[in-house]
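Participant:
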Amino acid sequence: TAYFEVWDSQRGTCAANLVGHSLQFSYWTIRILEANANPSASLCQCCWTWGHSSKSCYAKMPRCLLCGGPHYQDGHCAFAGCCKRNPSQGIPKTPEGQPCPHPPRCLNCCQAHAATSKQCPFWCH
């Protein structure tokens with residue numbers, strides 16, 4: 003089995019034209035098939051990284067889904083540096099009961115979304 007990526011249009015016309023055809027590779031004739039999506043890729047709900055489940059996680063502490071800090075998401079506003087009061091850096095305390103007003107930080111790609119977001123390039127794989 004060999005996998006390759008086809009850079010295609012939004013309609014997928016190039017890939018659609020390849021599927022069902024054959025490719026000669028050295029002495030072998032290879033039939034081109036469409037790969038199935040893998041819905042079983044695990045996202046650990048302890049450390050929020052892809053590739054393993056919470057049961058097989060080696061993280062010593064849980065990590066926050068919003069910021070990656072060493073605390074559960076429920077305690078984010080109480081323990082996260084972005085929400086705790088820090089007068090020297092001009093950070094006001096997030097009011098009790100209010101959601102965090104700061105953008106999340108993905109633990110997989112470091113972009114401004116949660117690790118569970120479908121915007122994450124890791125989610126696509």
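Sequential numbering of the sequence shown, starting at 3, is according to the working numbering.
In this text, a Cβ means the ideal position worked out from N, Cα and C, and glycines have one as well.
#1: Just mark L35 as buried or exposed, buried being the case when its beta carbon has 16 or more other beta carbons within 10 Å.
#2: Tell me the rounded alpha-carbon separation between G22 and W9.
#3: DSSP on W52, reduced to helix/strand/coil?
#4: For the segment 69-76 and the segment 86-94, state whether three or more C-beta atom pairs, one from each stretch, are separated by less than 8 angstroms.
#5: Tell me the rounded alpha-carbon separation between C69 and S58.
#6: Residue range of the beta strand (DSSP E) that L25 falls in?
Facilitator: Based on what the coordinates show:
#1: Label assigned to L35: exposed.
#2: About 18 angstroms.
#3: In the three-state DSSP reduction, W52 falls in the strand class (E or B).
#4: Counting Cβ pairs under 8 angstroms, fewer than three are found: no touch.
#5: Their backbone Cα atoms lie some 22 angstroms apart in a straight line.
#6: Here the beta strand (DSSP E) through L25 covers S24 to F27.
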